[in-house]
Every structure is written in structure tokens, then in C-alpha cells.
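**Student:** Please find one structure pasted underneath; my questions will follow.
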């Protein structure tokens with residue numbers, strides 16, 4: 015299968031995203047274009063209450079994620095799911111301030127580059143999609159791996175009214191200072207080989 019055939023069912027869109035979801039300063043109302051991609055191929059439609067599988071982009075361009083996120087297209091036919099892939103702010107084509115150089119310039123522009131803003135972005139985009147396609151009753155399952163898995167788990171905790179569930183693959187949620195032993199991984203692996 016050629017690369018163009020592989021992605022022929024994917025359609026790219028842009029959502030006008032709020033730069034700052036949590037403050038009410040004048041600069042908080044600035045916006046940027048956030049990319050998302052939808053695959054309608056297997057979707058049963060809004061009247062069927064078919065689910066929406068939502069891939070939460072992580073630390074990279076969405077182009078790379080479409081190539082490797084096989085779990086979603088592999089399971090979409092079985093569940094008649096709509097597939098949605100949302101790009102993380104500051105990556106790929108979802109860069110505020112006009113360019114990556116400008117976005118990474120200083121602390122004031124980097125202040126909007128965090129996971130709380132990212133999951134608020136995902137909530138806005140997903141609600142927009144549900145409204146646009148009359149899919150308000152379609153259950154949503156958010157999916158991510160590693161950092162994206164952490165985002166999926168946090169999304170489900172923060173927005174349970176939007177996501178029915180989350181699949182957080184290889185998400186190091188407890189791997190923060192003082193929440194898990196620093197040598198925990200090595201201890202478990204060592205026990206496996208004893």
C-alpha cells in the first residue's frame with residue numbers, strides 16, 4: 015500500500031484554539047490554529063451512537079502519530095468508530111505565535127506550553143467535533159501512549175463528562191518525584207529474572 019493510499023481516509027482540519035484557558039488577561043484571548051485529523055471511514059454515524067476514538071497527540075507532530083497509532087484503525091471497523099487525532103500545542107502545525115521560533119522565544123511565550131493547557135485544548139476540539147457532526151451522544155474514548163497516555167488519563171479525570179474512558183498505554187503517571195521509588199523499574203525487572 016502506498017503512503018497516499020494509507021492516508022486517503024484521513025481529512026485534516028484546523029480549529030481556532032484559545033491560547034490560555036485559565037486566565038482572563040487581554041493576551042489570554044489570543045488564538046492559534048490547532049490541527050486535528052478525522053477518519054470517517056468506519057463511523058456508524060451520530061444516530062447510531064457509535065463511539066469516537068480520540069488519539070491525544072503528545073510530544074511530536076501529528077504526522078508521525080498517524081503512522082504508528084495502529085490500535086485505532088485496527089479497532090474502528092469493529093466498533094464503527096469515528097477516529098479523531100488531535101495535535102498537541104507547540105508541535106507540528108499547531109504552533110501559537112506564528113512560528114516555532116517565536117513560540118519558544120522566552121518564558122512568556124513558553125508559559126502556555128503545558129499539559130493542563132493541552133488537555134483543555136483537547137476538550138474544546140472534541141466538543142467542537144461532537145457538535146459539528148451532531149455526535150453529542152456518541153461516547154468518546156481518549157487514547158495515548160507514554161506522555162500521551164498520561165494526557166489521556168488526566169483528560170478522563172478532569173473531563174469525565176466528555177470522555178467515557180481512557181486507554182493510557184505505558185503512561186508513567188506515578189513516575190514523579192516522591193510518588194514512586196526511583197529504582198522501582200529496576201527492582202521489578204530484577205525480580206523477574208531471579
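Numbering (this note's numbering), first residue to last: 15 to 208.
All C-beta atoms, glycine included, are put in the ideal place defined by N, C-alpha and C.
(1) In chain order, what are the residue ranges of uninterrupted alpha helix (DSSP H) at least 4 long that sit wholly in the region 67-115?
(2) Work out the CA separation of residue 44 and residue 107 for me, nearest whole Å.
(3) Distance, Cα to Cα, residue 29 vs residue 136?
(4) What does residue 151 pair with, by DSSP beta-bridge criteria?
(5) Buried or exposed for residue 51, going by 16 or more other Cβ atoms inside 10 Å?
(6) Can the beta-carbon of residue 181 be found less than 8 angstroms from the beta-carbon of residue 155?
(7) Measure the C-alpha to C-alpha separation of residue 111 and residue 76 and round it to an integer number of angstroms.
(8) Alpha carbon to alpha carbon, how far is residue 184 from residue 169? Give it in angstroms, no decimals.
(9) Does the Cβ-Cβ distance between residue 127 and residue 90 come in under 8 angstroms?
(10) Find the nearest neighbour of residue 187 within the set 85, 80, 159, 175, judged by alpha-carbon distance.
(11) Between residue 74 and residue 99, is the Cβ-Cβ spacing less than 8 angstroms?
(12) Going straight from the alpha carbon of residue 40 to that of residue 64, what length do you get?
(13) Is residue 46 buried or exposed, if buried means 16 or more other CB atoms sit within 10 Å of its CB?
(14) Could you spell out the range, first to last residue, of the beta strand (DSSP E) harbouring residue 46?
(15) With distances taken between CB atoms, is the gap from residue 53 to residue 124 smaller than 8 angstroms?
(16) Please report the distance separating the alpha-carbon of residue 34 from that of residue 134.
(17) Would you give the residue range spanned by the alpha helix (DSSP H) that residue 161 belongs to?
**Tutor:** In short, the structure shows the following:
(1) 76-82, 85-93
(2) 17 angstroms
(3) 11 angstroms
(4) Its beta-bridge partners do not exist; DSSP assigns none.
(5) buried
(6) yes
(7) 19 angstroms
(8) 16 angstroms
(9) no
(10) 159
(11) no
(12) 40 angstroms
(13) buried
(14) 45-53
(15) no
(16) 9 angstroms
(17) 161-172
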